[in-house]
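Asks: Respectively, the protein sequence lines represent chains A and B. Heads up, the first sequence is in our numbering, so the first residue is 1 and it goes up one at a time. Heads up, the second sequence is in our numbering, so the first residue is 1001 and it goes up one at a time. Ideal Cβ positions, reconstructed from N, Cα and C, are used throughout, including at glycine. For clarity, every value in this text was computed on a predicted model and none was experimentally measured.
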Amino acid sequence: MQHAARRTRKLSGRLAPAVFVLALAASAARADDAMQWLARAAHAARELDYTGTIVYQIGPRVESSRITHLNDGGHEFSKLVNLDGPAREVVRRDGEVRCYYPDAKLMRIEPGTFRNVFPSLLPEQQQSLSRFYDFRLVGEDRVGGRPVQVVVFEPKDGLRYGHRFWSDAKTGLLLKARVVNEHGDGVEQFAFSDLVLNAPIDRSMVDPSWSSVPRDWQVLENAGGDVVPEETGWSVTRVPPGFTKIVEGYRKLRGRRERVAHLVFSDGLVSISVFIEPLRASSSPAGFLRQGGLNVYSLKLDEHLITVMGETPGATVRQIAHSVVHR
Amino acid sequence: MNEQISRLMDGEIDATEMDAVCATLGSDAAMATWNCYHAIGDALRSETGVTRNIGLAISRRLAQEPAIVAAPRRATAPASWAWAVAASVAAMTVVGWTAYSMVDAAPAGFAKVREAGTMSAAQMRPRTVVPADYLIAHQEYAPTNALSGVGPYLRDVAASTPVRPAVAE
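#1: So, is the C-beta of Leu-1154/B closer than 8 Å to a C-beta in chain A?
#2: Taking 8 Å as the threshold (beta carbon to beta carbon), is His-75/A in contact with chain B?
#3: Taking Val-264/A as the query, report the chain C residues whose CB atoms sit under 7 Å from its CB, ordered along the chain.
#4: Looking at Tyr-1141/B and Thr-307/A, is the spacing between their C-beta atoms short of 8 Å?
#5: Considering only C-alpha positions, which residue in the set Arg-136/A, Ile-109/A, Leu-70/A is nearest to Pro-155/A?
#6: Assess, as a yes-or-no matter, whether the segment 262 to 279 of chain A is touched by the segment 236 to 248 of chain A under the definition of 3 or more beta carbon pairs within less than 8 Å.
#7: Strictly below 7 Å CB to CB, what residues from chain B border Ala-41/A?
#8: Hey, does Arg-251/A have any beta-carbon neighbour from chain B nearer than 8 Å?
#9: With a cut-off of 8 Å, does the C-beta of Glu-303/A fall near any C-beta of chain B?
#10: Chain B beta carbons: is any one of them nearer than 8 Å to that of Val-148/A?
#11: Just checking, does the segment 142 to 149 of chain A make contact with the segment 293 to 300 of chain A on the three C-beta pairs under 8 Å criterion?
#12: Any chance the segment 69 to 76 of chain A sits against the segment 44 to 59 of chain A, with 3 or more Cβ pairs inside 8 Å?
#13: Nearest chain B C-beta to Ser-209/A closer than 8 Å, yes or no?
#14: Please list, in chain order, the chain B residues whose beta carbon lies closer than 8 Å to that of Thr-307/A.
#15: How far does the alpha helix (DSSP H) with Ser-1027/B in it extend, from its first residue to its last?
#16: For a cutoff of 8 Å on Cβ pairs, would you count Gly-329/A as touching chain B?
#17: Excluding the five sequence neighbours on either side, which residues of its own chain have a C-beta within less than 7 Å of the C-beta of Leu-22/A, listed in chain order?
#18: Judging by CA-CA distance, which residue of Asp-168/A, His-262/A, Tyr-56/A is the nearest neighbour of Pro-229/A?
#19: Please list the partners that Val-247/A has in chain B, where partner means a Cβ-to-Cβ separation under 8 Å.
#20: Helix, strand or coil for Gly-314/A? Go by DSSP, reduced to three states.
#21: Identify whether Pro-147/A lies in helix, strand or coil by the three-state DSSP scheme.
#22: Could you tell me which chain B residues have their CB closer than 7 Å to the CB of Glu-124/A, listed as they occur along the chain?
#23: Quick check: the Cα distance between Phe-288/A and Leu-299/A, rounded to an integer number of angstroms?
#24: Where does Met-1119/B fall in DSSP's three states?
#25: Can you tell me whether Val-90/A is buried or exposed? The criterion is at least 16 other CB atoms within 10 Å of its CB, across all chains shown.
#26: Which residues bound the alpha helix (DSSP H) around Leu-129/A?
Set out below in structure tokens:
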């Protein structure tokens, strides 16, 4: 009996490394698939010329927008116009975004750079993708009249949302995306209801409807500024598994005398930002807020306001907020 | 009884009292108190799934029992409570935010609202939107945004109020 037990142990001892290697190879293959899929979708979004109608759902609300995208010799232009309610526009040209709000007589300028994009993720982020999400090809479907491939990133724990993507079978362009919460409910979704790919698009079609800003409008510029990487002295003691710190530093935000510490954690699919600034009389109130698939949690700590936001369940941003310490 | 239920929830009840308190939970009134206290706790801890379910009846009870929430930290002016009740009915996702702002701080915006006395609930709501400058800074690093290229801006054009960067200090 003892012998048998010892033998089994010995056998499993010999088998374990082999099983481990096999498991590793399998997960590596999945990571490659997921990364390939994501990179293809991101590439299509940047490179293709297209125009279409997007139906956007956030919570109980549904809105339609018209999107026109042009890649002119490596320079990206896009124009998004709200079709319901006030005719707001968002016009993006390379690294700059201009938002026009005719209802508020307001124009906002902000940087429009994506810095943490597929496929240029850190190796840790790529590993997290396969370790913390189950990436699966679900099948085929149709969106906006076009055949699509459906994939899911199903979270393996309760710390992240599920993501379901419908990508154009021919080009990889994302035609529909849904964020699913821990109860299986969709919290945010966008989908093309019609789409013309490789449409003849010229620059005038991606110009703002206002050739100049009307004189009675207010213009707000949010320079944002890059994060200056440096040790901030702030750290998160209980980083949720799978999240890796990708940025730490200070940034100068508009209207603030003091710099704001900004730490970013990512699991390869989504990010969580931690902002720390000295308390001011005009600081936003501490608390919790949810906007579709985005959760925001603020609290006060030693005369500082800590704000954590990310595309994860509320519990995840809350855990981070409550474990911020000053070293 | 209410105080005993409150202490039971906080794990501060003596073993000797435990049986008696648990026995009282059989009554409808005690059960209602238990549910209400949990709803308050959830709102304060911002367990959103539950907060969403806070109904008018519980909002009314919240309004009647400010001490439960406010006592541990700081006394709260009644006007904020009235607003909290309005908010929980009008915009569910705002509930947690409001509840927190009441106990954690005396937000400047609320004081002004009381002085002016004429602002509508709709005008007050922008105080509770996501801090725009943070949101813009965060969006740079959200990988899924780059998948569609328009993700964050869809939120923008659909927002009920324009997202404004913070006003100068």
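Replies: On the basis of the supplied data:
#1: As a first step, residue 1154/B must be located in the second sequence, where it is residue number 154. Output row for Leu-1154/B: interface = yes.
#2: Looking up residue 75/A in the first sequence gives position 75. Chain B contact via Cβ: absent.
#3: In the structure shown, chain C cannot be found, because the protein chains are A and B.
#4: Taking the first sequence and counting its residues from 1, one reaches residue 307/A at position 307. Taking the second sequence and counting its residues from 1, one reaches residue 1141/B at position 141. The criterion of a C-beta distance shorter than 8 Å is not satisfied by Thr-307/A and Tyr-1141/B.
#5: Here residue 155/A is taken as the residue at index 155 of the first sequence, counted from 1. The shortest Cα separation from Pro-155/A among Arg-136/A, Ile-109/A, Leu-70/A belongs to Arg-136/A.
#6: yes
#7: Taking the first sequence and counting its residues from 1, one reaches residue 41/A at position 41. Correct list: Leu-1147.
#8: One-based indexing of the first sequence puts residue 251/A at position 251. Closer than 8 Å: yes.
#9: Locating residue 303/A in the first sequence gives position 303, counting from the first residue. With 8 Å as the cut-off, Glu-303/A does not count as an interface residue toward chain B.
#10: By one-based count along the first sequence, residue 148/A stands at place 148. No, because no Cβ of chain B sits closer than 8 Å to the Cβ of Val-148/A.
#11: no
#12: yes
#13: Position 209 of the first sequence, counted from the start, is the residue given in the question as residue 209/A. The Cβ of Ser-209/A sits no closer than 8 Å to any Cβ of chain B.
#14: Start at 1 with the first residue of the first sequence, and residue 307/A comes out as number 307. What Thr-307/A touches in chain B: Pro-1131, Tyr-1134.
#15: Walking along the second sequence from the start, residue 1027/B turns up at place 27. Counting along the chain, Ser-1027/B falls outside any alpha helix (DSSP H), and DSSP gives it neither H nor E.
#16: Residue 329/A is absent from the model: chain A starts at 1 and stops at 327.
#17: Stepping through the first sequence from its first residue, residue 22/A is reached at position 22. Note that Leu-22/A scores 48 on pLDDT, short of 50, meaning its location in the model is unreliable and no value can be drawn from it.
#18: Here residue 229/A corresponds to residue number 229 of the first sequence, with the count starting at 1. The shortest C-alpha separation from Pro-229/A is found at His-262/A.
#19: One-based indexing of the first sequence puts residue 247/A at position 247. Correct list: Tyr-1141.
#20: For the purposes of this step, residue 314/A is taken as the residue at position 314 of the first sequence. Residue state, collapsed to three classes: helix.
#21: Mapped onto the first sequence, residue 147/A falls at position 147. Strand, per DSSP.
#22: Counting from 1 along the first sequence, the entry for residue 124/A is found at position 124. Within 7 Å Cβ-Cβ: nothing; Glu-124/A doesn't reach chain B, min ~13 Å.
#23: Locating residue 288/A in the first sequence gives position 288, where the first residue counts as 1. Locating residue 299/A in the first sequence gives position 299, where the first residue counts as 1. One C-alpha to the other measures close to 9 Å.
#24: Position 119 of the second sequence, counting from 1, holds the residue named residue 1119/B. Here the model assigns Met-1119/B a pLDDT of 30, short of 50, so the residue's position is not dependable and the matter cannot be decided.
#25: Along the first sequence, read from residue 1 onward, the residue named residue 90/A stands at position 90. Answer is buried; the Cβ neighbour count reaches 16.
#26: For the purposes of this step, residue 129/A is taken as residue 129 along the first sequence, with counting starting at 1. Residues 123 to 132.
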